[in-house]
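Numbering (mature numbering (1 follows the signal peptide of the UniProt record, and there is no 0)), first residue to last: -22 to -1, 1 to 390.
Backbone N, C-alpha and C define an ideal beta-carbon position, used for all residues, glycine too.
Here the structure is a predicted model, which is why all the values come from computation and not from measurement.
A short write-up of the structure that comes next.
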Amino acid sequence: MKMNTLLLLLILAWTLSTEVFSQPHILVAPILQHTDTNTSLYSITLNGGEHYIIDFDAPFTWYQCQSPQFPVGCNYGACSTARTYIPPSCPVNNTFTESQCYCNDAPVNPITKSCAPSQMTYKDMVLYWTDGRSLLGAMDFNRLYVSCAPLSLLQSLPEEVIGVGALSWSSLALPYAFSDLPDQLVARKFALCLPSSSEASGAIFFGDGPYNLGPSTDFDAAKVLTYTPLQADPTLLGYYINLAGISINGKAMNVPQNSFNVNQSVKLSTIVPYTTLKSNIYKTFIRDFKKAAKGIVQVTNVDPFRLCFNISTMGSSNNGLHVPQIDLMLGKGEKWTIYPPNSIKQVNDNVGCLAFVDGGETAEQAVVIGTYQIENNLLQFDFNQSRLGFSSSLLPYGATCGGFNFTVSGIV
């Protein structure tokens, strides 16, 4: 009898395993918006309820803990990698005992830019298999490299957050860890979809599509992606694309030649709330948008914005408020359209402002694309082909980043 029961369990386990691994090899986790700080931040949820602020520039994931239960030895390659990212403001040596050397690093708070000496350790992470439509089961990643940081490093981060989830191209970041499976089970790419409110979960997918984000499971957002090269620079951890120009209502802005050729041109950010433009570009942008918006009543500006309107004079269209259309003209001729829900920020019942800000004369990049401009946009980062896939707004397709169902079968 016991033998028959054991055989039945083995057959059941094999059946469930076959069901999961015969599906497209995609992992998924919820993305939450946090609005209890001065800036909108987003976190990835792992282990069923641990929230980590997502950061394109973080070299490794860190979380707050008292002391690491399993410190990493100095002789590990991961230690050497982590220590290459120690900021000059946080010099830290490894910890030596009579018989051991333990690895110390220095994670950075992405809001305050403060850093703290910390110790490298291991942590288990759980997220979910999906076929792109619904959840299929949990996947446990054991002993991932993370940093055990002091409580002080959580300053200015949302109360429910326990650390930072690294989404950079570093070999210690989550995209690398979650694709480090036998037989290349998960492709080396991830797709991020930020929600536009804290009431619905966005999604991050590790691996190829489909990415079903619409009210109908027939809509695969991967099929509406346009691709542009990612600009490679081994000295920079984040993601950069080439920008040739900006057009408003189909008319190109007239800015000096090479205005956009500043340190990889355009940076993508999960920390900056609104797209910033270097001052010489911003002034022309405001002037040209104001001309194109002739007939819409301007009102007193609301910080940090420099162009605000009376919403009742805007009118409406299929894509939201009726305002001039903004297109980012990318380096290979691709066009990233920024529709009204991503260009106008409603600051109160009567006022909507152009949601772009002045980055100053000495800005490191010509343009930094902020989170407001990528809400309800699907972005796919393909490491093998070094390219960015972007959907522009999903709203014209009747889809949103909150469209993935994380409650299927009661898994979460």
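With 16 or more other Cβ atoms inside 10 Å of its own Cβ, Ala151 counts as buried. Between Pro251 and the set Leu163, Gln343, Asn326, Thr349, the nearest pair of CA atoms involves Thr349. Counted as a single uninterrupted DSSP element, the alpha helix (DSSP H) harbouring Lys269 occupies residues 257 to 270. With a 10 Å radius around the Cβ and a threshold of 16 neighbouring Cβ atoms, Ala230 comes out exposed. Around the beta carbon of Glu137, fewer than 16 other beta carbons lie within 10 angstroms, which makes this residue exposed.
A distance below 7 Å separates the beta carbons of Trp40 and Val142. Where Phe156 is concerned, the enclosing alpha helix (DSSP H) starts and stops at 152 to 157. Here the C-alpha atom of Gly216 lies approximately 22 Å from the C-alpha atom of Ser134. DSSP places Gln351 within a helical segment (H, G or I) once states are collapsed to three. Residue environment for Glu76: exposed (fewer than 16 other C-beta atoms within 10 angstroms of its C-beta).
Between Pro212 and Lys245, the alpha-carbon positions lie close to 15 Å from each other. Taking Cys286 as the centre and dropping the five residues before and after it, the same chain places the C-beta of Val277, Asn279, Val280, Val329, Cys331 closer than 6 Å to its C-beta, in chain order. Distance from the CA of Gly311 to the CA of Asn355, rounded to the nearest whole angstrom, comes to 19 Å.
Contact between Leu131 and Ala94 holds, since their C-beta atoms are separated by about 5 Å, short of 8 Å. Residue pairing for Phe168: DSSP places it in a beta bridge opposite Phe184, Phe359. Bridge pairing for Val244: Ile219, Val345 [DSSP]. For Ile249, the secondary structure class from DSSP, reduced to helix, strand or coil, is coil.
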